[in-house]
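Novice: For the sequence shown, the residue numbers in the numbering used here are 33 to 222.
Glycine residues also receive a C-beta, built at the ideal position from the N, C-alpha and C atoms.
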Amino acid sequence: MRLLTSCFGAVILPVSSILTGCAARPIPSGSGNSQTNQQTSQVGHGRITSFSGEHRFLSNFWPADVTFEGVRFPSAEHAYQAAKTVDVSERARIAALATPSDAKRAGRALICRADWDRVKLDVMERCVRDKFLNNADLGAQLLATGEAELIEGNDWGDEYWGVCNGRGANHLGKILMKVRAELRQRDAGP
Numbered sequence: 033m034r035l036l037t038s039c040f041g042a043v044i045l046p047v048s049s050i051l052t053g054c055a056a057r058p059i060p061s062g063s064g065n066s067q068t069n070q071q072t073s074q075v076g077h078g079r080i081t082s083f084s085g086e087h088r089f090l091s092n093f094w095p096a097d098v099t100f101e102g103v104r105f106p107s108a109e110h111a112y113q114a115a116k117t118v119d120v121s122e123r124a125r126i127a128a129l130a131t132p133s134d135a136k137r138a139g140r141a142l143i144c145r146a147d148w149d150r151v152k153l154d155v156m157e158r159c160v161r162d163k164f165l166n167n168a169d170l171g172a173q174l175l176a177t178g179e180a181e182l183i184e185g186n187d188w189g190d191e192y193w194g195v196c197n198g199r200g201a202n203h204l205g206k207i208l209m210k211v212r213a214e215l216r217q218r219d220a221g222p
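1) With a 10 Å radius around its C-beta and 16 neighbouring C-beta atoms as the bar for buried, classify ILE183 as buried or exposed.
2) For ALA130 and ALA180, what's the separation of their Cα atoms in angstroms?
3) Which whole-angstrom value is the C-beta distance of ALA114 and ARG123, which I expect to be below 8 Å?
4) Check whether the stretch 200 to 219 touches the stretch 166 to 180, taking contact to mean three or more Cβ pairs, one atom from each stretch, closer than 8 Å.
5) LEU170 and ALA96: beta carbons closer than 8 Å?
6) Could you check if ASN202 is buried or exposed, using at least 16 other CB atoms within 10 Å of its CB as the buried criterion?
7) Report the option in ASN186, LEU204 and LYS163 whose CA atom is closest to the CA atom of GLY198.
8) Applying the criterion that 16 or more other CB atoms from any shown protein chain within 10 Å of the CB defines a buried residue, is VAL195 buried or exposed?
9) Might you give, ordered along the chain, the residues of its own chain that have their beta carbon closer than 6 Å to the beta carbon of ARG161, omitting 5 neighbours on each side?
10) With distances taken between CB atoms, is the gap from LEU204 to LEU165 smaller than 8 Å?
11) Indicate the three-state DSSP secondary structure (helix, strand or coil) for GLY150 in the structure shown.
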């Protein structure tokens, strides 16, 4: 067990759940839920620091069809969480869940596939790419962020996918910027 201090407090979690994002990791209330997330979207100094408000579409919780390994999911979050397992029936169950929050909760309860730590960045990139390349309106919105640095700022302690209290790897933000560059290059033509 390890004491993990989030931006708002401490919780005790098994070390394995902290590292993998799989079984036994609680979901703080408000994480990714637009009704409870009080953080406002901020744009300034060429940065978007929160995927809420007018930039909510950047969130994996935004409703947008995403196809991953031949299965259609109602959001990138559904697809990402389902990819934690290779069990086809579990993936279908997650695809049918009503909300991205439900999908996240289900994904956290899964026993992750053996190679999850090695493939999770690639899986996220594939989900985000499909979301923006195959949904023209969302692709246009992503392009409209211009050259802004995209930072998945959060208050629930996620320093892997985002940034909390100025610290974090911001992997989701980096993936979004990479996909934005791909869209720009695609639209520029040969």
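Specialist: According to the structure data:
1) buried
2) 32 Å
3) 4 Å
4) yes
5) yes
6) buried
7) Nearest in C-alpha terms to GLY198, of all of ASN186, LEU204 and LYS163, is ASN186.
8) Buried, because 16 or more other Cβ atoms sit within 10 Å of the Cβ of VAL195.
9) VAL211
10) no
11) First, the amino acid is wrong: residue 150 is Arg here, not Gly. Helix.
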